[in-house]
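Inspection log for the structure reproduced underneath, given as structure tokens.
In full-length UniProt numbering, the protein residues as written are 1 to 408.
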């Protein structure tokens, strides 16, 4: 999305020397997408961006392997069963547990109470939704304070860390609960909502005013660290089809960017700023779309008025999205279509391509005459089948597939 920002110290013209008070130069880094033929930013570092003093394997706490959804079943995954109050010292990076994944996108969940290591995803962009709690996220571009309802989009290879706000501090009653959507591509607003120059158009359900950029510049001394402190950075990457990780040691602190400018940077967006698109009869899922990546989309379902035709049926009609798996994360409210299924806050429903799905028995008829829905959910639709991660297998209720016939 071509939305230019500039922050901190910059030379008058790009690719020219930015000098320190002693006459030496800062080091310019061009961070760009698609072989530098798409969005990019220029960052000016105090240290050499390529200088590493050590590299070791990152041994994941939880396996990144997946297993096929076979036999093909709709599933109910109970995310709130993954972590208990006894699970302390968990951070928002190494503590993530893989729910579902394929070659295009992986979905993880974590309840975190500890600072994460410095981290960057070398595979693709991340879209992290804050279900509950709050955190400060420090990045080389600057810092964010994120809380319930925030999406944070972090570009591929942007170094950052998560610092959760403890439950009970600053008025937050719950720990940080984060739902991480990790792409194998870039994640951006839907192309149909953008002008040919990248501006969000008038029919888009949000605009640039709703996007929060980072506060900065943010340097090592701003977070109480010495600039020349050797620092580990955890890097997630691929080897063949496998997800692996490497821990780099840099001879300096990663917060060394004195200035940057361009159109590539992390940003936050709160779901409460999404303006739902409604109609006279039930609207299809694409009207709820908020972001897209390669072979997947992200949608959110927010509290809204619904269909105003006198005979309309507001809940979704039974449907076969033949090209997609549908993954719905139920965050809040009272989700009309799933009543009687056992699904509630903290649940995921997986409706795979090849399986017709829709409201639970009775919900279709009961919705007639309803004028508004009080619900909040985050949906990911993928265009290749999703497989179950270790966490998805651990919290599958094992009976959702039979809920339309009253169990078996």
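Note that beta-carbon positions come from the ideal geometry of N, C-alpha and C, so glycine has one too.
Computed from a prediction, not measured in an experiment: that's the story for all the values here.
Out of the options, state which residue places its alpha-carbon closest to the alpha-carbon of residue i.
{"i": "residue 190", "options": "70, 203 and 71", "result": "203"}
{"i": "residue 426", "options": "117, 261 and 221", "result": "This structure does not reach residue 426, given that the chain is present from 1 up to 408, and the question cannot be answered."}
{"i": "residue 127", "options": "151, 110, 147 and 111", "result": "151"}
{"i": "residue 5", "options": "42, 222 and 34", "result": "42"}
{"i": "residue 243", "options": "277, 182, 72 and 262", "result": "182"}
{"i": "residue 342", "options": "398, 292 and 33", "result": "398"}
{"i": "residue 184", "options": "10, 347, 28 and 33", "result": "33"}
{"i": "residue 174", "options": "112, 295, 361 and 8", "result": "112"}
{"i": "residue 331", "options": "325, 276 and 374", "result": "374"}
{"i": "residue 104", "options": "293, 171, 313 and 392", "result": "293"}
{"i": "residue 335", "options": "40, 356 and 378", "result": "378"}
{"i": "residue 71", "options": "7, 172, 178 and 355", "result": "355"}
{"i": "residue 267", "options": "384, 188 and 195", "result": "188"}
{"i": "residue 153", "options": "110, 211 and 96", "result": "211"}
{"i": "residue 324", "options": "310, 316, 305 and 350", "result": "350"}
{"i": "residue 168", "options": "132, 138 and 186", "result": "132"}
{"i": "residue 28", "options": "48, 382, 122 and 305", "result": "48"}
{"i": "residue 372", "options": "254, 176, 165 and 308", "result": "308"}
{"i": "residue 123", "options": "62, 9 and 234", "result": "234"}
{"i": "residue 310", "options": "285, 79, 329 and 279", "result": "279"}
{"i": "residue 231", "options": "220, 240, 238 and 239", "result": "220"}
{"i": "residue 396", "options": "358, 384, 74 and 198", "result": "74"}
{"i": "residue 226", "options": "246, 254 and 287", "result": "254"}
{"i": "residue 286", "options": "318, 192, 196 and 259", "result": "192"}
{"i": "residue 26", "options": "35, 37, 36 and 11", "result": "11"}
{"i": "residue 38", "options": "265, 121 and 115", "result": "265"}
{"i": "residue 367", "options": "346, 317, 357 and 394", "result": "317"}
Consult DSSP for residue i and reduce its assignment to one of helix, strand or coil.
{"i": "residue 349", "result": "strand"}
{"i": "residue 165", "result": "coil"}
{"i": "residue 76", "result": "strand"}
{"i": "residue 266", "result": "coil"}
{"i": "residue 261", "result": "strand"}
{"i": "residue 364", "result": "helix"}
{"i": "residue 250", "result": "strand"}
{"i": "residue 272", "result": "helix"}
{"i": "residue 210", "result": "helix"}
{"i": "residue 400", "result": "helix"}
{"i": "residue 183", "result": "strand"}
{"i": "residue 236", "result": "strand"}
{"i": "residue 323", "result": "coil"}
{"i": "residue 391", "result": "helix"}
{"i": "residue 143", "result": "strand"}
{"i": "residue 285", "result": "helix"}
{"i": "residue 132", "result": "strand"}
{"i": "residue 46", "result": "coil"}
{"i": "residue 5", "result": "strand"}
{"i": "residue 305", "result": "strand"}
{"i": "residue 384", "result": "coil"}
{"i": "residue 223", "result": "helix"}
{"i": "residue 27", "result": "strand"}
{"i": "residue 338", "result": "helix"}
What residues in its chain sit with their C-beta under 8 angstroms from that of residue i, if we drop five residues either side in the sequence?
{"i": "residue 387", "result": "66, 67, 68, 69, 100, 101 and 102"}
{"i": "residue 406", "result": "361"}
{"i": "residue 404", "result": "360 and 361"}
{"i": "residue 170", "result": "134"}
Excluding the 5 residues flanking residue i on each side, which residues of the same chain have their C-beta closer than 7 angstroms to its C-beta?
{"i": "residue 52", "result": "248, 249 and 250"}
{"i": "residue 64", "result": "98 and 243"}
{"i": "residue 290", "result": "274, 298, 299 and 300"}
{"i": "residue 208", "result": "3 and 200"}
{"i": "residue 333", "result": "303, 374, 375 and 376"}
{"i": "residue 146", "result": "130, 134, 135, 137, 152 and 268"}
{"i": "residue 277", "result": "205, 283 and 287"}
{"i": "residue 385", "result": "69, 102, 325, 352 and 353"}
{"i": "residue 259", "result": "7, 8, 9, 10, 44 and 217"}
State the CB to CB distance for the pair residue i and residue j, rounded to an integer number of angstroms; the pair is presumed to be in contact (CB under 8 angstroms).
{"i": "residue 44", "j": "residue 257", "result": "6 angstroms"}
{"i": "residue 40", "j": "residue 31", "result": "6 angstroms"}
{"i": "residue 296", "j": "residue 222", "result": "The Cβ separation is near 36 angstroms, so there is no contact."}
{"i": "residue 282", "j": "residue 320", "result": "That pair is no contact at about 16 angstroms."}
{"i": "residue 246", "j": "residue 55", "result": "6 angstroms"}
Keeping to the same chain, check which residues put their C-beta closer than 6 angstroms to that of residue i; ignore five residues upstream and five downstream.
{"i": "residue 107", "result": "99, 100 and 181"}
{"i": "residue 228", "result": "252"}
{"i": "residue 409", "result": "With the chain covering only 1 through 408, there is no way to say anything about residue 409."}
{"i": "residue 125", "result": "155, 156, 183, 186 and 187"}
{"i": "residue 95", "result": "110 and 112"}
{"i": "residue 370", "result": "314"}
{"i": "residue 272", "result": "149"}
{"i": "residue 176", "result": "112, 133, 135 and 164"}
{"i": "residue 61", "result": "94"}
{"i": "residue 172", "result": "133, 134 and 165"}
{"i": "residue 391", "result": "82, 97, 98 and 99"}
**Item:** contact_flag[the region 151 to 164, the region 81 to 93] where n(CB pairs < 8 angstroms) is 3 or more
**Value:** yes
**Prompt:** If we count Cβ pairs, one from each stretch, closer than 8 angstroms, do we get three or more for the region 209 to 224 versus the region 132 to 147?
**Reply:** yes
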